[in-house]
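Taking it in order: structure first as C-alpha cells, then the write-up.
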Amino acid sequence: MKGDNLKIGKYTLKSRLIVGTGKYKNFKQTADAVKASGANMVTVAVRRVNILDKKKPVLMDYLDPKKIIYLPNTAGCFNSKEALRTLRLAREMGGWKLVKLEVLGDKKTLYPNMVETLKSTETLVREGFKVMVYCSDDPIIAKKLEDLGASAIMPLASPIGSGRGIRNKLNLSIIISSAKVPVIVDAGIGTASDAAIAMELGCDGVLVNTAIAKAKNPIMMASSMKDAVIAGRKSFLAGRISFQNFASASTSEEGLI
Numbered sequence: 001m002k003g004d005n006l007k008i009g010k011y012t013l014k015s016r017l018i019v020g021t022g023k024y025k026n027f028k029q030t031a032d033a034v035k036a037s038g039a040n041m042v043t044v045a046v047r048r049v050n051i052l053d054k055k056k057p058v059l060m061d062y063l064d065p066k067k068i069i070y071l072p073n074t075a076g077c078f079n080s081k082e083a084l085r086t087l088r089l090a091r092e093m094g095g096w097k098l099v100k101l102e103v104l105g106d107k108k109t110l111y112p113n114m115v116e117t118l119k120s121t122e123t124l125v126r127e128g129f130k131v132m133v134y135c136s137d138d139p140i141i142a143k144k145l146e147d148l149g150a151s152a153i154m155p156l157a158s159p160i161g162s163g164r165g166i167r168n169k170l171n172l173s174i175i176i177s178s179a180k181v182p183v184i185v186d187a188g189i190g191t192a193s194d195a196a197i198a199m200e201l202g203c204d205g206v207l208v209n210t211a212i213a214k215a216k217n218p219i220m221m222a223s224s225m226k227d228a229v230i231a232g233r234k235s236f237l238a239g240r241i242s243f244q245n246f247a248s249a250s251t252s253e254e255g256l257i
C-alpha cells in the first residue's frame, strides 16, 4: 500500500514480501518470479550462488542491484565460525553490511542453532553489520537478539522448505507484541494463505523461497504471495472483529415485521 513501507535500518521497502533466490530452474526464472512478486529485496546464499564470478552466469545480470536490494545470507553454515567468515567475505567483495544471519543446528531439521546464532549476532553487530536474524519462535530468544542489536527478527513459521505454515501463532504473537524492530516470518510458508495469516497476526513482513520456487507455476505463485501479503497487511491495519462465544445477528432487529 502507498506510504506503508517496511523500514529495516536505513533501507525502506515498498513491498513487505522478501523473496529467496535459491531452488529455481535458472536465473531467468528467478528474475521473472521476483518481478511478479513485487519484492524490493532478495536473499542470496553467499556459499551457494555465484554473484561475483563474471566468468560464470551471475544473478546480477538478471536482477539489477541498483533496483533490488541484495541480502547476503549464511545458508549452509552450521557454526558461528563459518557464518562470520561468509559474511565478512560478502562485505569485502560486495560491500554488503545489511545481512541475514542463519546458523543451522543440523541437516535433517535445519532448525537454527540459537547458541551459535546469539554469539554470531553479537560479533557481527560489534563489527558494524546490520543483522537480520533467522531464529526459533521463542519469545525470550527473540528479545535477546533484539537486545544484542539485531536489525530484524526472523522467526521460523515451521521447518525450512516444509510448507507447513505457521505452527505456533501464540509464540509469534508474543514476539510481535514485544519487538521494537521488524518481525519477519522466515521459513515454512507453503501457500498464499500462510503469508496472509502471518501478516494478519501483525508481522512486518514475510520471506518466501521454496513455496514460490518449487510451485508448479512459480511466477503465478509469486504473484499470489504478493497479493496475500498486501491483503493480510490491510486486514491487520483494518482491525479484525473480536471473538464471540455466541452468534451475533448481522442485521438489526429494528423494524421487524
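Using my numbering, the first residue of the sequence shown is number 1, and each one after it goes up by one. In this text, a Cβ means the ideal position worked out from N, Cα and C, and glycines have one as well.
- A straight-line Cα-Cα distance of about 8 angstroms links Ser15 and Gly205.
- Judged by DSSP secondary structure, Met132 falls within the beta strand (DSSP E) whose first and last residues are 130-135.
- Collapsing the DSSP output to three states places Pro139 in a helix.
- Membership of Pro218 in any beta strand (DSSP E) is not indicated; the residue belongs instead to the alpha helix (DSSP H) covering 218-238.
- In this chain, Lys81 is not harboured by any beta strand (DSSP E); it is covered by the alpha helix (DSSP H) spanning 80-94.
- Pairing Ala198 with Val185 gives a Cβ-Cβ distance under 8 angstroms.
- The beta carbon of Met221 is closer than 6 angstroms to those of Ile212, Ala215 in its chain, skipping five residues each way along the sequence.
- Closest option to Cys77, judged by alpha-carbon separation, among Tyr134, Asp61, Asn40, Pro57: Tyr134.
- Straight-line spacing of the CA atoms in Pro112 and Met41 works out to 22 angstroms.
- Assignment of Thr43 by DSSP, reduced to helix, strand and coil, places it in the strand class.
- For Leu124, there is no enclosing beta strand (DSSP E); the enclosing alpha helix (DSSP H) covers residues 114-126.
- Between the alpha carbons of Lys180 and Lys55 lies a distance of about 43 angstroms.
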